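For the sequence shown, the numbering used here assigns the number 5 to the initial residue and increments by one for each residue that follows. To keep things clear, I will list the structure first and then write my remarks on it.
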Amino acid sequence: MFDDKREKWRLGVVSYLNAKPLIAGLDADDDLELVYDVPARLPALLDERLVDVALVPVIDLARQGRTWQIVSDACIGCDGETLTVRVFSRVAPAAIRRLHVDGDSHTSVALARIIWQETYGTTLDIVPYSGNETVDSCEAVLLI
């Protein structure tokens, strides 16, 4: 699977604070090259062989039909509130039908779909959020 004679291992990582414990000190290793990108882009970097190993979002791992191998059980996880992912809305949660989303996190978008379906029986219309929209034009926005 890997070429042991390679000059450097390219690791696809995120620069978010919650990933720091997983990557702290790796930049000091001359045999490693850290490639920083948003979580949603890391699977493509792996598929395009632009990185050798990547911190892949769990939803992409679950959806993939690729030949990825899990090489570690290290992850970014939480058993309670994260305080980093939020839905901001002008209407009550049960009334949200259209959710503008930050496309950097596939997992957060998938979780929002599940939460609204399970809690409110609603299928959300997911719309990319560019940041150029006015507050009045968005019913709700998921931001990381």
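The C-beta atom is built at its ideal place from N, Cα and C for all residues, glycine as well. Model, not experiment: these values are computed from the prediction.
Buried or exposed: which applies to residue i, given that a residue is buried once 16 or more other Cβ atoms fall within 10 Å of its Cβ?
i: residue 64; result: buried
i: residue 84; result: exposed
i: residue 100; result: buried
i: residue 15; result: buried
i: residue 87; result: exposed
Of all the CB atoms in chain D, is at least one closer than 9 Å to the CB of residue i?
i: residue 131; result: The displayed structure is made up of one protein chain only, and chain D is not part of it.
Under 9 Å, do residue i and residue j count as touching if we go by C-beta distance?
i: residue 147; j: residue 67; result: no
i: residue 60; j: residue 46; result: yes
i: residue 12; j: residue 34; result: yes
i: residue 95; j: residue 143; result: yes
i: residue 80; j: residue 23; result: yes
i: residue 133; j: residue 97; result: no
i: residue 92; j: residue 131; result: no
- Item | Every unbroken beta strand (DSSP E) inside the region 102-129 [3 residues or more] | The region 102-129 contains these whole beta strand (DSSP E) runs: 102-105.
- Between the region 53-66 and the region 98-108, do three or more beta carbon pairs fall short of 8 Å? By the Cβ rule, the region 53-66 does not count as touching the region 98-108, because fewer than three pairs are nearer than 8 Å.
- Message: Measuring CB atoms only, is the region 38-49 touching the region 15-23, in the sense that at least three cross pairs come out at less than 8 Å?
- Response: Contact between the region 38-49 and the region 15-23 is present: three or more C-beta pairs spanning the two stretches fall below 8 Å.
- Message: Just to confirm the assignment: which complete alpha helix (DSSP H) runs, minimum length 4, are found wholly within the region 49-86?
- Response: Annotation note: the region 49-86 contains the following uninterrupted alpha helix (DSSP H) runs of length 4 or greater, listed N- to C-terminal: 62-67.
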